[in-house]
Amino acid sequence: MTDEDLAVALLRATPTHEDRSDEQLRGWAATALAFADELPVEPPDVRVVEESGGVTDHLVTLAEYDTRTRTVTVRTDSLALLAEVATRKGWTDVTPEALRAAAVAHEVVHHRLHGGLARDLRRRLDHVVCRVGPLRVRGHVVGADEVVAHRYAHRASGLRRSPLQLSAALAELGG
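Residues in the sequence shown are numbered from -16 upward in steps of one, following my numbering.
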C-alpha cells in the first residue's frame, strides 16, 4: 500500500468521514501529504524526556507535547512495542533511534500546525462547510493533521519505513 492509500484508510476510520466518497478522501489525503512534503524540516527546538506509561488496554501513545514547558515526552514502552511489531513484520530497517526521532518530529509538527499553518492547510484542503453567496467557510478535516504529522515525521526522522505503515501495523494488534 502507498502512503496515500494508508492516509485514505486513516481518514476513512475517522469519525465524521464514514460516508465520504473515496474520491474526496483520496483528494484530502494527497493534499495533506503534499502539504507535509512542503514543510521545511527543522531540528526540534524542544526538551525531550522519556517515560513509560504509553501502553494501556485500549491506547498506545508514542509521545506527547506539552506546549507550556515545550517538552516532548517519549513513551518508552510504546516505542518498544512498535519496535517489536516491526521485528515481527520482518522490518529490520526500523531502528529505535529513528522511531524516537519520528515520535518527536510528529509531536513538534502537530504544535507547528496551529495558527497560520493550520489556516494554510485548511485552505489547501478546501473543505467548504457553509456558503452564503460568495462567502465560503472552510471546515477542519478531522485526521488531516495526523496525515501531515506522519509524513513529516517520516521525512524528519530518517525512518526508511513510513510511519503510516507502522501505525497500520500497530493498529492490526487491536484487531
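Using N, Cα and C, we set each Cβ at its ideal position, and we do this for glycine too.
- Every alpha helix (DSSP H) stretch that sits fully inside the region -12 to 71 and reaches 4 residues is listed by chain position as 5 to 21.
- Distance from V38 to R144 at the Cβ level is roughly 20 angstroms; contact not present, criterion being Cβ atoms closer than 8 angstroms.
- Of all C-beta pairs linking the region 23 to 40 to the region 57 to 64, three or more are shorter than 8 angstroms, placing the two stretches in contact.
- For the pair W11 and V124, the CB atoms are nearer than the 8 angstroms cut-off.
- Taking all protein chains in view, the Cβ of G126 is crowded by 16 or more other Cβ atoms within 10 Å, so the residue is classified as buried.
- Within the DSSP bridge table, the entry for V124 names no partner.
- For L82, no pairing in a beta bridge is given by DSSP.
- When secondary structure is reduced to three states using DSSP, L118 falls in the strand class.
- Beta bridge pairing from DSSP links V111 with R121.
- Per DSSP, reduced to three states, the secondary structure at L104 is helical.
- Note that the region -14 to -6 touches the region 2 to 16; at least 3 beta-carbon pairs, one per stretch, sit closer than 8 angstroms.
- The region 134 to 153 and the region 67 to 77 touch, with no fewer than 3 CB-CB distances between them shorter than 8 angstroms.
- Inter-residue distance for D20 and T54 is about 25 angstroms (C-alpha atoms, whole angstroms).
- Residue state for L147 is assigned as helix, using DSSP reduced to three classes.
- Inclusion of E90 and A46 in the CB contact set at 8 angstroms is warranted, their separation being smaller than that value.
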